[in-house]
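If you read the sequence shown in this note's numbering, its first letter stands for residue 650, the second for the next number, and so on.
Ideal Cβ placement from N, Cα and C applies to all residues, glycine included.
For reference, the structure is listed below as structure tokens.
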Amino acid sequence: MNGKRAWIFASVILAGGCDGESVEQTSSGGGSTITNSGGATTAVTSTGTGTGGAGAMTTTSAPPCDLGGPPNDIDNDGYSPEEGDCDDCSPFVNPGLPEVGHNEADDNCNGEVDEEPAPCDDNLALDSTDPMDAARAIELCKLATNDSNWGLVKAEWKMPSGEPLEMADPSVYHIGHGIVSDFGPNVLPKAGKSMLLLSSGTARRPTDAGYQSPEGAERGYANQYPLGHPAETPPCPQQNIGAAFDGVALEVTLRLPPNAQSVYFRNNFYSWEMPNRLCTQYNDSFVCTATYNDNGVNIKDCLYDHFNNLFMVNTVQFRACDCGGPELCSFAMQTYDCQFGVEPLLGTGFETAGGPHGATGWLNATVPGMPGEELTLRFSVYDVSDGKGTSTGILDGFHWAGAKEGPRRLP
Ligand SMILES: [Ca+2]
Ligand SMILES: [Ca+2]
Ligand SMILES: [Ca+2]
Ligand SMILES: [Ca+2]
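Set out below in structure tokens:
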């Protein structure tokens, strides 16, 4: 019975935005009917198993919320059909809202379904120290212009622990991030024309000014770890993990729009420590931490590979690497299929200096949130146990998403 109650509740919620809709439910276990005044009718027939478990369900819908001519704004979302509301029965659909990815709906009424947001990352400078440029590079374009508005509330360069950036020579820090139009010929932005590099060495390509080989590139400072780190590394549990060095972190505070329940983004992780220092104390990391500002809840980690490993050298699955053959290769205590070969490494510096080294290839991540909630994400990359042996993370293609997580890995 609980299952059916829950379902009826869901029906009321779905119908709630639209006066004049009638929802009828009949089920083999004794039907119930929810009827509002007149208008369109949605009839749902549920055939239960009689045990409270899942049953076969068929849904037939009359044209939803076709309630006559103008003027109207039936769902009270501020837009009438004449003003472009393509679903005047849902306040979560109108031209003032962003597209939500992966829900197979046209949330912003532009005629396209699940499209990427319009980018704002043309002509950004590689070495810009403005954190708002870093946000633009990854498609965080819409600003929250007041306390109730959705979008990007603020962006800041921080230390990985969240401490403020207070360095005598901040240029030593700022060489650790960069905005690029490619990372070698084979790794291009997932959205727009730019993407963001965060690095424990130089966030530069071999052809860029300021580039240093990933073998070294010590920047010469230590940093505190982010919340929850250093984390356990189950494949190599006995390592004597040292301090963190050369850390860089972009922190963004976002307010979710009324029609989103998560933030989705793409990521990729490179490390010189693969393969020769795998399963040692040199456990460089690319970490995302989330803080839910409305309720003070912290999530330690929001960045995992497709096997749910954290992005740490000793745990993450590198798939762009070279085994010297097609068979699974084994380094330290891990095996790696290297199915992407070395192509993603070419032109990045990670194919040289004793390499080829390793990268994960593109992955995606989804961080849950509530509509209207303020969420702070901090993305950190840092060296572990010494400042040598560069690791670099890439971020790109942020967009809002719904409750259901999209596929973790892009094709
Ligand atoms: Ca609407
Ligand atoms: Ca959509
Ligand atoms: Ca971009
Ligand atoms: Ca290192």
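One alpha carbon belongs to ALA784, the other to THR1001, and they sit about 30 Å apart. Rounded to whole angstroms, the Cβ separation of ALA871 and ALA893 is 7 Å, and the two are in contact under 8 Å. Proximity of the stretch 831-845 to the stretch 1037-1048 meets the contact definition, three or more beta-carbon pairs being nearer than 8 Å.
When the Cα atoms are used, GLU753 and ALA1050 turn out to be separated by approximately 11 Å. With 16 or more other Cβ atoms inside 10 Å of its own Cβ, LEU903 counts as buried. The secondary-structure analysis by DSSP pairs PHE980 across a beta bridge with GLN983. Inside the stretch 933-961, DSSP marks whole beta strand (DSSP E) runs of 3 or more residues at positions 934-941, 946-948, from first to last along the chain. Within its own chain, the residues whose Cβ lies closer than 7 Å to the Cβ of ASP986, once the five positions on either side in sequence are excluded, are ARG968, LEU977, listed in chain order. In this structure, the CA atom of LYS839 is about 10 Å from the CA atom of ASN1013. Runs of the beta strand (DSSP E) lying entirely within the stretch 877-940 and spanning at least 3 residues, in chain order: 893-904, 911-920. Annotation: the continuous beta strand (DSSP E) that includes MET844 extends over 844-848. Collapsing the DSSP output to three states places TYR1031 in a strand. Nearest Cα to GLN861 within the set THR882, GLU815, ASN942, TRP921: TRP921. With a cut-off of 7 Å, the C-beta of SER843 is classified as near ligand 3, since at least one heavy atom of the ligand falls inside that distance. In summary, THR794 is exposed, with fewer than 16 beta-carbon neighbours lying within 10 Å of its beta-carbon over all protein chains present. In the three-state reduction of the DSSP assignment, GLU788 falls in the coil class, being assigned neither a helical nor a strand state.
Leaving aside the five residues that flank ASP737 on each side, the residues in its chain whose CB is nearer than 6 Å to its CB run, in chain order, CYS714, ILE723, ASP724, PRO730. Ligand 2 has a heavy atom closer than 7 Å to the beta-carbon of VAL762.
Summarising the contact set, residues whose Cβ lies nearer than 6 Å to any heavy atom of ligand 4 are, in chain order, SER849, GLU922, TYR931, ASP933, ASP1032, LYS1037, GLY1038, SER1040. Using a cutoff of 7 Å, the CB of GLU748 counts as near ligand 2, since one of the ligand's heavy atoms is closer than that. Straight through space, the alpha carbons of PRO883 and ASN958 are spaced by roughly 10 Å.
Within the model, the alpha-carbon separation for ILE948 versus THR938 is close to 6 Å.
LEU1012 sits in a strand when the DSSP states are folded into three classes.
Shown here for MET816: same chain residues with a beta carbon closer than 6 Å to its own, the five before and five after excluded, namely TYR822 in chain order.
Beta-bridge annotation (DSSP): HIS1006 is not paired with any residue.
Leaving aside the five residues that flank ASP857 on each side, the residues in its chain whose CB is nearer than 7 Å to its CB run, in chain order, LEU775. In this structure, the straight-line span from the alpha carbon of GLN930 to that of PRO886 is close to 10 Å.
Remark: C-beta atoms of GLY745 and SER911 do not approach each other more closely than 8 Å.
DSSP places HIS823 in the uninterrupted alpha helix (DSSP H) bounded by 820-823.
When distances are taken from the beta-carbon of GLY1046 to the heavy atoms of ligand 3, the shortest one is below 7 Å.
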